[in-house]
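**Q** So the sequence shown is residues 13 to 225, counted in our numbering. Glycine included, each C-beta is placed from N, C-alpha and C at the ideal position. On a predicted model such as this, the values are computed, not experimentally measured, just so you know.
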Amino acid sequence: MQPFQAEFIEYALQCGVLRFGDFTLKSGRHSPYFFNTGLFDTGARLAKLGEFYAKTMLHEGIKADVLYGPAYKGIPLVCAAAMALARETGEEVPFAFNRKEAKDHGEGGSLVGAPLTGSVLIVDDVITAGTSVRESVDIIRAAGAAPSGVLITLDRQEKGRGELSAVQEVANQFQLPVYSIVTLRNILEFLQKANRRTDVEAIREYQSRFGVL
Numbered sequence: 013m014q015p016f017q018a019e020f021i022e023y024a025l026q027c028g029v030l031r032f033g034d035f036t037l038k039s040g041r042h043s044p045y046f047f048n049t050g051l052f053d054t055g056a057r058l059a060k061l062g063e064f065y066a067k068t069m070l071h072e073g074i075k076a077d078v079l080y081g082p083a084y085k086g087i088p089l090v091c092a093a094a095m096a097l098a099r100e101t102g103e104e105v106p107f108a109f110n111r112k113e114a115k116d117h118g119e120g121g122s123l124v125g126a127p128l129t130g131s132v133l134i135v136d137d138v139i140t141a142g143t144s145v146r147e148s149v150d151i152i153r154a155a156g157a158a159p160s161g162v163l164i165t166l167d168r169q170e171k172g173r174g175e176l177s178a179v180q181e182v183a184n185q186f187q188l189p190v191y192s193i194v195t196l197r198n199i200l201e202f203l204q205k206a207n208r209r210t211d212v213e214a215i216r217e218y219q220s221r222f223g224v225l
């Protein structure tokens, strides 16, 4: 685990974004942890999150001509990532996002920001069913650009609709690399080092049923 990944987990805990307990997910599964990027809900928190996106891009060597954030959650995330990347590297990487409803006045259309050209990196929070990625890929290709990958905050590394994880399903379906700031494996490593045995045991039991570690 990279130092910035441990820092991200610590920060997520401080902000209440990462919590432990008994949580019912949309899938109906009872999870011993919950991760909610919506709680990066102040200017300082969002700016810090952007830094972690940028550090992940630099660590992974991710290059893109444009960053794209799917509405609605992806809009502040892609803005934060683009600003942080500019601060970290001094390079301007354009960004864009979509409207859920196409604008029928002014310049019209469903896209806001830079034109989608060349290679486009999708910036989002998590991948659950892959719906957001599917819509983003269609929008990017319709604009004549090429989706080059997906960058998310957390890879839960648990089964999606079949034996593969939701992230693996998306990667296979669209033949795209999926990057994450951290994975559940990173969180387990962090908890082990912090000697949080109860949380580690609960997550391992959950992963024994639903995991793809």
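If I measure Cβ to Cβ from LEU51 and keep anything under 7 angstroms in the same chain, skipping five residues before and after, which residues do I get?
**A** Excluding sequence neighbours, LEU51 sits near CYS27, GLY28, VAL29.
**Q** I think LEU70 touches VAL135, with their Cβ atoms under 8 angstroms apart; what is that distance to the nearest whole Å?
**A** Contact flag wrong, Cβ pair sits at about 14 angstroms.
**Q** Which residues in the same chain have their Cβ closer than 8 angstroms to the Cβ of GLY223, if we skip the five residues on either side of it in sequence?
**A** Contacts found: GLN169, GLU170, LYS171, LEU196.
**Q** Do ALA92 and ILE139 have their C-beta atoms within less than 8 angstroms of each other?
**A** Taking 8 angstroms as the Cβ cut-off, ALA92 and ILE139 do not qualify as a contacting pair.
**Q** Which whole runs of the alpha helix (DSSP H) in the stretch 162–196 are 4 residues long or more, in chain order?
**A** The stretch 162–196 contains these whole alpha helix (DSSP H) runs: 178–186.
**Q** Taking the alpha-carbon of ALA66 as reference, which of ALA183, ILE151, TYR191 has the nearest alpha-carbon?
**A** When each option's Cα is compared against that of ALA66, the closest is TYR191.
**Q** Could you have a look at VAL29 and say whether DSSP puts it in helix, strand or coil?
**A** VAL29 falls in the coil class under three-state DSSP.
**Q** Just grab the DSSP bridge partners of PRO159 for me.
**A** Partner(s): VAL132.
**Q** May I have the straight-line CA-CA distance separating SER160 from THR36, to the nearest angstrom?
**A** If you take the alpha carbons of SER160 and THR36, they lie about 33 angstroms apart.
**Q** Three-state secondary structure (DSSP) at PHE52?
**A** DSSP places PHE52 in coil when its eight states are reduced to three.
**Q** In terms of residues, what are the limits of the beta strand (DSSP E) holding SER43?
**A** SER43 -> beta strand (DSSP E) spans 42–47.
**Q** So is GLU175 buried or exposed if we call it buried at 16+ other beta carbons inside 10 Å?
**A** GLU175 comes out exposed.
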